[in-house]
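Asker: Quick one: the structure is below, and I'll ask about it shortly.
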Amino acid sequence: MTDMASAHLSHDPKWTRAHSIFSAPSEGADVALIGIPAHEVSLSATSAHQTPGAIRDALARYSTYSSAHDVDLRDFSLCDLGDVDSPDHESGEKKVATAVANVRANHKLLIALGGDNSITYSVAAGMWPDLSKIGLITLDAHHDLRDGVSNGSPVWRLIQAGLSGKNIVQIGISDFANSREYSQRAKDAGIHVVTRDVLRKRPMADVMAEALDIAGAGGREIYVDLDVDVCDRAVVPACPASVPGGISADELRQAAFLAGADARVRAIDITEIDATLDTPDQRTVRLAALLVLEGACGVASRKN
Numbered sequence: 001m002t003d004m005a006s007a008h009l010s011h012d013p014k015w016t017r018a019h020s021i022f023s024a025p026s027e028g029a030d031v032a033l034i035g036i037p038a039h040e041v042s043l044s045a046t047s048a049h050q051t052p053g054a055i056r057d058a059l060a061r062y063s064t065y066s067s068a069h070d071v072d073l074r075d076f077s078l079c080d081l082g083d084v085d086s087p088d089h090e091s092g093e094k095k096v097a098t099a100v101a102n103v104r105a106n107h108k109l110l111i112a113l114g115g116d117n118s119i120t121y122s123v124a125a126g127m128w129p130d131l132s133k134i135g136l137i138t139l140d141a142h143h144d145l146r147d148g149v150s151n152g153s154p155v156w157r158l159i160q161a162g163l164s165g166k167n168i169v170q171i172g173i174s175d176f177a178n179s180r181e182y183s184q185r186a187k188d189a190g191i192h193v194v195t196r197d198v199l200r201k202r203p204m205a206d207v208m209a210e211a212l213d214i215a216g217a218g219g220r221e222i223y224v225d226l227d228v229d230v231c232d233r234a235v236v237p238a239c240p241a242s243v244p245g246g247i248s249a250d251e252l253r254q255a256a257f258l259a260g261a262d263a264r265v266r267a268i269d270i271t272e273i274d275a276t277l278d279t280p281d282q283r284t285v286r287l288a289a290l291l292v293l294e295g296a297c298g299v300a301s302r303k304n
């Protein structure tokens, strides 16, 4: 956390700030945090590379205790692996792969801070040499099935690299945010799509339970992509591609907790925030910080 970010915060020995519980890199920590400040292949200009640091700073706004789950994250081990330098393009993706290669052996959950959505490919491909053996859940307004290499193509790249569409669930797909062609591509690939309209009629807990079973079928480990632009634009003004009418901050927080609570989930990413576009109250990066804490709280709530 920067000195500027902490300068105006109160200090209370009985109120531990969440940023303080992330240690230096440590094998065996329950949760590992890593920054992947990718931004150079984004379809639109973005300063998303500044977001990992902003999220870390925002963690200081919150405590370590969840009243709902009676979990204090001080009782668990969390570490910060730092940022991957220059993670874009083929050379950068190799750096990401090196940085995350041993995560599954050393930690229960990786939380990757983007950066744009291109990191979903680089982190997943780096963690699992055989992508045919994993499942994917995205919470995203968009399919991300474009051709080429960009923040609009990670899901398609993963499919081309071996991930089965039948083990992919896309939650929160918005109207007028995707083309008919890419919607058809999702159908052809066998992807399970839960549109924004469906989410108005079903609780997030039910949708996530079904998604986890689909993605984790056959004993698969699961990667969860939290593209924050799935939320309503009023909630996440620092997400350039968010649309009015997206899901609520609370729904995305629920999804983060439920993902962390499932032992099949080995990685969560938080993407598509440009911290330089946020409002003065920092509502977008503060939500992202809460997603980190919800995911970690989920891990702490696991029964195994």
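Throughout the sequence shown, residue numbering follows full-length UniProt numbering, covering 1 to 304 in sequence. We put the CB at the ideal spot given by N, CA and C, even for glycine.
So, is Leu291 buried or exposed, given that buried needs 16 or more other C-beta atoms within 10 angstroms?
Answerer: buried
Asker: Taking the alpha helix (DSSP H) that Cys239 belongs to, which residues open and close that run?
Answerer: Segment: none, Cys239 is in no alpha helix (DSSP H) and carries neither H nor E.
Asker: Could you check the C-alpha separation between Asp278 and Thr284 for me, to the nearest Å?
Answerer: Cα-Cα distance, rounded: 6 angstroms.
Asker: Considering just the uninterrupted stretch of the beta strand (DSSP E) at Tyr223, what are its terminal residues?
Answerer: Glu221 to Asp227
Asker: In the DSSP assignment, find the beta strand (DSSP E) that holds Val265 and state where it starts and stops.
Answerer: Val265 to Thr271
Asker: Do the CB positions of Asp130 and Gly165 come within less than 9 angstroms of each other?
Answerer: no
Asker: Pairing CB atoms from the region 265-276 with CB atoms from the region 109-124, are three or more of them under 8 angstroms?
Answerer: Proximity of the region 265-276 to the region 109-124 meets the contact definition, three or more beta-carbon pairs being nearer than 8 angstroms.
Asker: Measuring CB to CB, does Gly126 end up less than 9 angstroms from Arg264?
Answerer: no
Asker: So Cys231 and Leu252 are in contact, right, with Cβ under 8 angstroms, and what is the actual spacing, rounded?
Answerer: 6 angstroms
Asker: In the DSSP assignment, find the unbroken alpha helix (DSSP H) run with Gln184 in it and report its ends.
Answerer: Arg180 to Ala189
Asker: Quick check on this structure: which residue in Asp225, Ile55, Arg157 and Lys108 has the alpha carbon closest to the alpha carbon of Glu93?
Answerer: The shortest C-alpha separation from Glu93 is found at Arg157.
Asker: Pick helix, strand or coil for Tyr65, following the three-state DSSP scheme.
Answerer: strand
Asker: Reducing DSSP to helix, strand and coil, say where Thr51 ends up.
Answerer: helix
Asker: Assign Lys108 to one of two classes, buried (16 or more other C-beta atoms within 10 Å of its C-beta) or exposed (fewer than that).
Answerer: buried
Asker: Tell me which same chain residues have a C-beta within less than 6 angstroms of the C-beta of Ile173, skipping the five on either side of it?
Answerer: Val193 and Thr195
Asker: In three-state terms, what does DSSP make of Leu113?
Answerer: strand
Asker: Hey, would you say residue 361 sits closer than 9 angstroms to Ser153, going by beta carbons?
Answerer: Outside the displayed range of the chain (1 to 304) lies residue 361, so it cannot be described from this structure.
Asker: If distances are taken between C-alpha atoms only, which option among Val243, Val228, Ile168 and Ile247 comes closest to Ile214?
Answerer: Ile168
Asker: Do you know whose CA, among Val41, Pro25 and Glu40, lies nearest Ile34's CA?
Answerer: Pro25
Asker: Quick check on DSSP: helix, strand or coil for residue 306?
Answerer: An answer regarding residue 306 cannot be provided, because it is not within the stretch 1 to 304 covered by the chain.
Asker: Evaluate Val228 with the Cβ neighbour count: other Cβ atoms within 10 Å of its Cβ, from every protein chain shown; 16 or more gives buried, anything less gives exposed.
Answerer: buried
Asker: Starting from Thr195, trace the beta strand (DSSP E) both ways and give me its first and last residue.
Answerer: Looking at the DSSP string, the run of the beta strand (DSSP E) that includes Thr195 is His192 to Thr195.
Asker: Could you please give me the residues that DSSP links to Ala32 through a beta bridge?
Answerer: Cys79 and Leu110
Asker: For Arg17, which residues does DSSP report across the bridge?
Answerer: Ser63
Asker: To which residues does DSSP link Phe22 through a beta bridge?
Answerer: Bridge partners of Phe22: Leu78.
Asker: In chain order, what residues of the same chain lie with their CB nearer than 7 angstroms to the CB of Ala45, ignoring the 5 residues before and after it?
Answerer: Excluding positions up to five away in sequence, the list is empty.
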